[in-house]
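Engineer: Those sequence lines, one after another, are chains A and B. Going by our numbering, the first sequence opens with residue 2, and the numbers climb by one from there. Going by our numbering, the second sequence opens with residue 189, and the numbers climb by one from there.
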Amino acid sequence: MIPARPHRLGLHLGLLQFGHLMALQRGISAAALTYALVLGAWLAGSLAGLWLGHLGRALVALGLVAHLAAHAWLLGHDFVELATLWFLLPAVAVGALAGGSWFARVLPNEPRTGSFLAAENDGFLFGMLVAVVGFGFLGRWFSLLAPLASAALLLAPQRAANNN
Amino acid sequence: MPLHRLALILGLVGVGFGGAQQLLLREFAALLYGEEVVLLLVAGVALAAASLGYRLGDRWSPRTHRRLLLLALAVQFAWPAAPRWAVAGLCALRSGSGPELLALLVLFALVIVSPFAVFLPALLTAETDPARRLAALRWGYGAELLGFFVGSAAAIALGTHQQIHLTLHFAALVALAALTLGRARAVICLAAASLAVGYGPGLASAGLDAVYQHKHRLPGAHVVASLDSPYQRIEVVDSARRGRALYLDGLRDLDSGELDVLNHYLGRLPARLRRPDRALVLGNGTLSLVPELAALTRELHSVELDPVVVAVGRTFFTAPAALTGHDNWQLHLGDGKAFLAATGLRFDLIIVDLPSPLTFGEAYLHTREFYQLCRARLRPGGVLAVQLSGPIGNPARTPARLAASLSAEFPAVVVVASKLADRSFAYASDARPFTPESIRAAAHPQERDLQVIHGDPLAAAISSATPVTLDDLDLVLRRGLERLLERHHLLP
Numbered sequence: 002m003i004p005a006r007p008h009r010l011g012l013h014l015g016l017l018q019f020g021h022l023m024a025l026q027r028g029i030s031a032a033a034l035t036y037a038l039v040l041g042a043w044l045a046g047s048l049a050g051l052w053l054g055h056l057g058r059a060l061v062a063l064g065l066v067a068h069l070a071a072h073a074w075l076l077g078h079d080f081v082e083l084a085t086l087w088f089l090l091p092a093v094a095v096g097a098l099a100g101g102s103w104f105a106r107v108l109p110n111e112p113r114t115g116s117f118l119a120a121e122n123d124g125f126l127f128g129m130l131v132a133v134v135g136f137g138f139l140g141r142w143f144s145l146l147a148p149l150a151s152a153a154l155l156l157a158p159q160r161a162a163n164n165n
Numbered sequence: 189m190p191l192h193r194l195a196l197i198l199g200l201v202g203v204g205f206g207g208a209q210q211l212l213l214r215e216f217a218a219l220l221y222g223e224e225v226v227l228l229l230v231a232g233v234a235l236a237a238a239s240l241g242y243r244l245g246d247r248w249s250p251r252t253h254r255r256l257l258l259l260a261l262a263v264q265f266a267w268p269a270a271p272r273w274a275v276a277g278l279c280a281l282r283s284g285s286g287p288e289l290l291a292l293l294v295l296f297a298l299v300i301v302s303p304f305a306v307f308l309p310a311l312l313t314a315e316t317d318p319a320r321r322l323a324a325l326r327w328g329y330g331a332e333l334l335g336f337f338v339g340s341a342a343a344i345a346l347g348t349h350q351q352i353h354l355t356l357h358f359a360a361l362v363a364l365a366a367l368t369l370g371r372a373r374a375v376i377c378l379a380a381a382s383l384a385v386g387y388g389p390g391l392a393s394a395g396l397d398a399v400y401q402h403k404h405r406l407p408g409a410h411v412v413a414s415l416d417s418p419y420q421r422i423e424v425v426d427s428a429r430r431g432r433a434l435y436l437d438g439l440r441d442l443d444s445g446e447l448d449v450l451n452h453y454l455g456r457l458p459a460r461l462r463r464p465d466r467a468l469v470l471g472n473g474t475l476s477l478v479p480e481l482a483a484l485t486r487e488l489h490s491v492e493l494d495p496v497v498v499a500v501g502r503t504f505f506t507a508p509a510a511l512t513g514h515d516n517w518q519l520h521l522g523d524g525k526a527f528l529a530a531t532g533l534r535f536d537l538i539i540v541d542l543p544s545p546l547t548f549g550e551a552y553l554h555t556r557e558f559y560q561l562c563r564a565r566l567r568p569g570g571v572l573a574v575q576l577s578g579p580i581g582n583p584a585r586t587p588a589r590l591a592a593s594l595s596a597e598f599p600a601v602v603v604v605a606s607k608l609a610d611r612s613f614a615y616a617s618d619a620r621p622f623t624p625e626s627i628r629a630a631a632h633p634q635e636r637d638l639q640v641i642h643g644d645p646l647a648a649a650i651s652s653a654t655p656v657t658l659d660d661l662d663l664v665l666r667r668g669l670e671r672l673l674e675r676h677h678l679l680p
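1) Counting C-beta neighbours from all protein chains within 10 Å, is the total for B:A276 16 or more, i.e. buried, or is it exposed?
2) Under the three-state reduction of DSSP, which class applies to B:H677: helix, strand or coil?
3) Could you name the residues of the same chain whose beta carbon sits closer than 7 Å to that of B:L672, not counting the 5 residues immediately before and after it, in chain order?
4) Measuring alpha carbon to alpha carbon, tell me which residue in B:Y419, B:T355, B:V500 is nearest B:L383.
5) According to DSSP, is B:L212 part of a helix, a strand, or is it coil?
6) Roughly how many angstroms lie between the CA atoms of B:D515 and B:P389, to the nearest whole one?
7) Would you check if the stretch 136–149 of chain A and the stretch 659–675 of chain B touch, i.e. whether three or more CB-CB distances between them fall below 8 Å?
8) Take B:D441 and list the residues in its own chain whose beta-carbon comes closer than 7 Å to its own, dropping the five residues that flank it on each side.
9) Could you confirm whether any beta carbon from chain B is found closer than 8 Å to the beta carbon of A:N164?
10) Determine the extent of the alpha helix (DSSP H) in which B:D397 is found, giving its start and end residues.
11) Given a limit of 7 Å on CB to CB distance, which residues of the stretch 41–54 of chain A reach chain B?
12) Scan the stretch 242–267 of chain B for residues whose Cβ lies nearer than 8 Å to a Cβ of chain A and list them as they occur along the chain.
13) Do B:A591 and B:I650 have their C-beta atoms within less than 8 Å of each other?
14) Run through chain E and tell me which residues come within less than 8 Å of B:E557, C-beta to C-beta.
15) Check whether the stretch 278–296 of chain B and the stretch 368–378 of chain B are in contact - that is, three or more C-beta pairs closer than 8 Å.
16) Output yes if chain B places a C-beta closer than 8 Å to the C-beta of A:S151; else output no.
17) So which residues of chain B does A:Q159 contact, with C-beta pairs closer than 8 Å?
18) On the CB-based measure, 16 or more other CB atoms within 10 Å of its CB, does B:T512 come out buried or exposed?
19) Going by beta carbon distance, what residues of the same chain come within less than 6 Å of B:F304, once the five residues before and after it are set aside?
20) Please confirm if B:T654 has its CB atom under 8 Å from at least one CB of chain A.
21) Since I believe B:Q210 is in contact with B:A343 (beta carbons under 8 Å), could you give me their beta-carbon distance rounded to a whole number of angstroms?
22) The beta strand (DSSP E) with B:P568 in it runs from where to where?
23) Given a cut-off of 8 Å on the beta-carbon distance, is the pair B:R421 and B:A218 in contact?
24) Under 8 Å, Cβ to Cβ, is there at least one residue of chain A near B:I344?
25) Using a Cβ-Cβ cutoff of 9 Å, what residues of the stretch 355–383 of chain B are near chain A? List them in chain order.
26) With which residues is B:E425 paired in a DSSP beta bridge?
27) Buried or exposed for B:E315, please, with buried defined as at least 16 other CB atoms from any protein chain shown within 10 angstroms of its CB.
28) Taking only runs of the beta strand (DSSP E) that begin and end inside the stretch 504–532 of chain B, which ones reach a length of at least 3 residues, in chain order?
29) Residue range of the beta strand (DSSP E) that B:V602 falls in?
30) Any C-beta of chain B sitting closer than 8 Å to the C-beta of A:L155?
31) Pull up the DSSP beta-bridge partners for B:Q639, would you.
32) List the endpoints of the continuous beta strand (DSSP E) containing B:H489.
33) Under 8 Å, do B:G455 and B:L481 count as touching if we go by C-beta distance?
34) Going by C-alpha to C-alpha distance, which of B:P655, B:V604, B:A616, B:D644 sits closest to B:H632?
35) Interface residues of chain B around A:S102 at Cβ under 7 Å?
36) Going by DSSP in three states, A:A153 sits in which element: helix, strand or coil?
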């Protein structure tokens with residue numbers, strides 16, 4: 002049984018979403034289109050993940066690989082053309098699959114769904130703050146590597162009687 | 189509850205949720221001034237309010253939820269007049285802004301965001317069978333995500349048609365009321381929404397005048413235009429003290445009195461001294477540099493990200509007649525860094541006319557990497573002209589750090605500190621772009637004190653300043669936080 006870990010899930014998703022958003026706005030364009038496309042790709046990934054509840058761990062790993070590939074490519078390119086957004090957007094959507102999948106696996110059996118959603122949202126808020134402050138002070142390498150740590154926290158073996 | 193009804197309710201909840209977050213973000217970014225730190229604060233408060241709503245979804249009785257949803261709808265029908273009058277009133281009482289404005293943000297976020305977050309957990313928990321709950325999650329939460337995207341996208345896309353956006357947003361809220369609050373309350377909501385559509389714009393407009401009179405301390409200020417672009421709120425304000433001024437997310441970008449001086453040092457002076465064959469202006473949404481530069485170059489390109497700023501510039505700052513007949517001028521709407529990365533053109537003069545780096549989006553165009561890209565797009569002997577935002581002094585502040593970034597990428601940098609403009613400008617090139625004598629000779633006719641700093645004195649002035657780079661954008665957060673705390677009297 003995979004533990005629920007809503008705070009860790011939210012932290013991981015916050016780091017991924019804002020890492021993608023800041024990397025794409027930095028490398029490609031601050032245009033509103035970038036924000037709208039990143040938000041759209043993220044929501045599409047979350048939506049698709051709702052039908053993939055059985056793949057929770059695999060989707061975390063897949064999202065991480067997509068994130069690393071996209072950010073590693075962007076590390077090598079300070080500024081690029083708008084057209085490159087199209088092949089980076091799938092990485093955003095793949096990163097969001099884990100969120101929907103996790104919800105689909107945990108929420109049907111969760112007695113207090115509000116507490117789970119609130120904890121996940123709190124983690125997301127913390128992830129957003131960490132992503133922005135980390136990028137501001139430590140730069141692109143932080144955005145690249147921070148989700149590795151949050152994914153490790155999310156997938157770490159569970160200790161007895163500790164669900165989060 | 190049947191799945192289609194659950195999906196419809198949560199879809200409308202998503203529209204209301206996304207729309208309410210955008211209303212909050214846009215209004216409070218402008219009321220608290222839109223540095224990156226403020227955007228982060230408002231987004232964070234909205235998320236925290238959503239968390240509270242999720243928690244309460246397990247605890248609130250349906251009756252309590254209905255009452256608080258009614259309150260949330262009522263406050264949104266009073267949007268944006270309610271927050272504007274509240275902020276103006278608090279500032280009038282104190283004769284300035286204080287920490288209570290941040291408390292007001294929290295209050296509005298709790299009232300208009302939290303009740304939307306209650307729906308999902310309340311409806312899911314009502315389904316006790318795991319299979320039915322999974323179906324409810326897939327269709328209900330899926331509908332909420334779609335609705336959230338629609339609500340957010342509508343708010344962004346219809347920013348220049350605020351009344352149309354508010355009418356559609358209110359229609360979605362009335363539909364939600366009809367589905368969840370019963371017919372009588374829905375009729376009351378419809379009446380309230382109709383009143384809001386009819387009388388709201390006048391109240392909101394008067395509230396905005398009051399904000400500029402009491403928060404910005406501009407007696408008699410009148411907002412002649414207020415538009416939301418996908419990037420920021422753009423306001424044109426007339427007042428006796430500043431004349432006609434342009435504000436971006438509440439931050440003063442320029443006023444008509446200083447425009448000529450800024451344009452002189454940023455564009456006119458380097459163009460007269462360099463006589464470029466091909467020039468590029470990044471920013472300058474008011475287009476006020478165009479008429480003069482078009483006459484001084486064979487080919488002029490302007491790149492501006494925000495089409496609404498360009499439209500406002502044409503309407504309020506640069507007469508359309510002054511922009512006609514320049515066949516050698518091309519306007520490109522887009523991001524300056526993407527334009528430079530893609531273009532095969534090379535320039536004799538690149539002018540960077542952008543606000544101070546108080547958001548990441550602005551800061552990217554003040555980094556070493558960006559200046560390196562500019563240098564790669566200059567012809568031999570080409571010059572980059574940059575506004576440094578203030579006099580060079582404290583090495584931790586923006587002017588010194590931007591000068592350090594330029595000096596790290598260009599062999600020769602000359603800084604001009606103008607008393608008249610109350611700020612500095614920099615000219616960078618592969619070799620010394622202009623002599624101090626030529627710069628002084630080309631100074632603005634009303635200049636009282638012009639300092640030209642280069643060579644060793646400049647190196648000494650920025651010796652302890654750290655260049656801004658894509659991996660060191662702390663300036664954005666540090667300065668933003670300092671300014672936020674100063675404005676709200678939260679510094680010891």
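Built from N, CA and C at the ideal position, the CB exists for glycine as well.
Structural biologist: According to the structure shown:
1) Here residue 276 of chain B is taken as the residue at index 88 of the second sequence, counted from 1. Around the C-beta of B:A276, 16 or more other C-beta atoms lie within 10 Å, and the residue is accordingly described as buried.
2) Along the second sequence, one-based indexing puts residue 677 of chain B at 489. Residue state, collapsed to three classes: coil.
3) Indexing the second sequence from 1 puts residue 672 of chain B at position 484. Excluding residues within five positions, the ones whose Cβ falls inside 7 Å are E223, V225, V226.
4) The residue you call residue 383 of chain B lines up with position 195 of the second sequence. Comparing Cα-Cα distances from B:L383 to each of B:Y419, B:T355, B:V500, the minimum goes to B:T355.
5) Here the question's residue 212 of chain B lines up with position 24 in the second sequence. Three-state DSSP puts B:L212 in a helix.
6) As a position in the second sequence, residue 515 of chain B is number 327, starting the count at 1. As a position in the second sequence, residue 389 of chain B is number 201, starting the count at 1. Each residue's CA atom was taken as its position, placing B:D515 and B:P389 some 40 Å apart.
7) The answer is yes - the stretch 136–149 of chain A touches the stretch 659–675 of chain B, with three or more Cβ pairs under 8 Å.
8) By one-based count along the second sequence, residue 441 of chain B stands at place 253. Counting only Cβ-Cβ distances below 7 Å, and skipping sequence neighbours, we find L434, Y435, P543.
9) Counting from one through the first sequence, the residue named residue 164 of chain A turns up at place 163. For A:N164, the predicted model reports a pLDDT of 49, less than 50, meaning its position is unreliable; a value from the coordinates is still stated below. The Cβ of A:N164 sits no closer than 8 Å to any Cβ of chain B.
10) Translated into the one-based positions of the second sequence, residue 397 of chain B becomes position 209. Note, B:D397: alpha helix (DSSP H), 371–402.
11) Result list: G41, L44, S47, L48, L51, W52.
12) Answer in chain order: Y242, R243, L244, G245, D246, R247.
13) Reading the second sequence from its first residue, position 403 is the one you call residue 591 of chain B. Reading the second sequence from its first residue, position 462 is the one you call residue 650 of chain B. Against a cut-off of 8 Å, the Cβ pair of B:I650 and B:A591 comes out as a contact.
14) Looking for chain E here will not work: the only protein chains present are A and B.
15) The stretch 278–296 of chain B vs the stretch 368–378 of chain B: no contact.
16) The sequence position of residue 151 of chain A within the first sequence is 150, counting from 1. No, A:S151 lies away from the interface with chain B (no Cβ there is under 8 Å from its Cβ).
17) Looking up residue 159 of chain A in the first sequence gives position 158. None at all; the shortest Cβ gap to chain B is about 21 Å.
18) Reading the second sequence from its first residue, position 324 is the one you call residue 512 of chain B. When all chains shown are included, B:T512 counts as exposed.
19) Taking the second sequence and counting its residues from 1, the one referred to as residue 304 of chain B is at position 116. Once the five neighbours on either side are set aside, the close Cβ partners of B:F304 are V201, G204, F205.
20) Taking the second sequence and counting its residues from 1, one reaches residue 654 of chain B at position 466. No, because no Cβ of chain A sits closer than 8 Å to the Cβ of B:T654.
21) The residue labelled residue 343 of chain B in the question sits at position 155 within the second sequence. The residue labelled residue 210 of chain B in the question sits at position 22 within the second sequence. So it is a contact: roughly 3 Å between Cβ atoms.
22) Taking the second sequence and counting its residues from 1, one reaches residue 568 of chain B at position 380. Counting along the chain, the beta strand (DSSP E) containing B:P568 begins and ends at 566–575.
23) Here the question's residue 421 of chain B lines up with position 233 in the second sequence. Here the question's residue 218 of chain B lines up with position 30 in the second sequence. In this structure, the beta-carbon distance from B:R421 to B:A218 falls below 8 Å.
24) Reading the second sequence from its first residue, position 156 is the one you call residue 344 of chain B. Yes, its Cβ sits closer than 8 Å to a Cβ of chain A.
25) Residues of the stretch 355–383 of chain B whose Cβ lies closer than 9 Å to any Cβ of chain A: none.
26) Along the second sequence, read from residue 1 onward, the residue named residue 425 of chain B stands at position 237. Checking the sequence, you will find Val at residue 425 of chain B rather than Glu. Looking at the DSSP assignment, B:V425 forms a beta bridge with B:V411, B:A433.
27) Start at 1 with the first residue of the second sequence, and residue 315 of chain B comes out as number 127. Counting the other Cβ atoms within 10 Å of the Cβ of B:E315 gives 16 or more, which makes it buried.
28) Entirely contained in the stretch 504–532 of chain B, the beta strand (DSSP E) runs reaching 3 residues are, in chain order, 517–521.
29) As a position in the second sequence, residue 602 of chain B is number 414, starting the count at 1. Start and end: 600–606.
30) Locating residue 155 of chain A in the first sequence gives position 154, where the first residue counts as 1. It does not; no Cβ of chain B falls within 8 Å.
31) Locating residue 639 of chain B in the second sequence gives position 451, counting from the first residue. Note: B:Q639 sits in a beta bridge opposite B:A605.
32) For the purposes of this step, residue 489 of chain B is taken as the residue at position 301 of the second sequence. Looking at the DSSP string, the run of the beta strand (DSSP E) that includes B:H489 is 487–492.
33) Here residue 455 of chain B is taken as the residue at index 267 of the second sequence, counted from 1. Here residue 481 of chain B is taken as the residue at index 293 of the second sequence, counted from 1. Taking 8 Å as the cut-off, the Cβ atoms of B:G455 and B:L481 count as close.
34) Taking the second sequence and counting its residues from 1, one reaches residue 632 of chain B at position 444. Comparing Cα positions, the closest option is B:V604.
35) Within the first sequence, the letter at position 101 stands for residue 102 of chain A. Chain B residues near A:S102: none, gap ~11 Å exceeds 7 Å.
36) Here residue 153 of chain A is taken as the residue at index 152 of the first sequence, counted from 1. DSSP places A:A153 in helix when its eight states are reduced to three.
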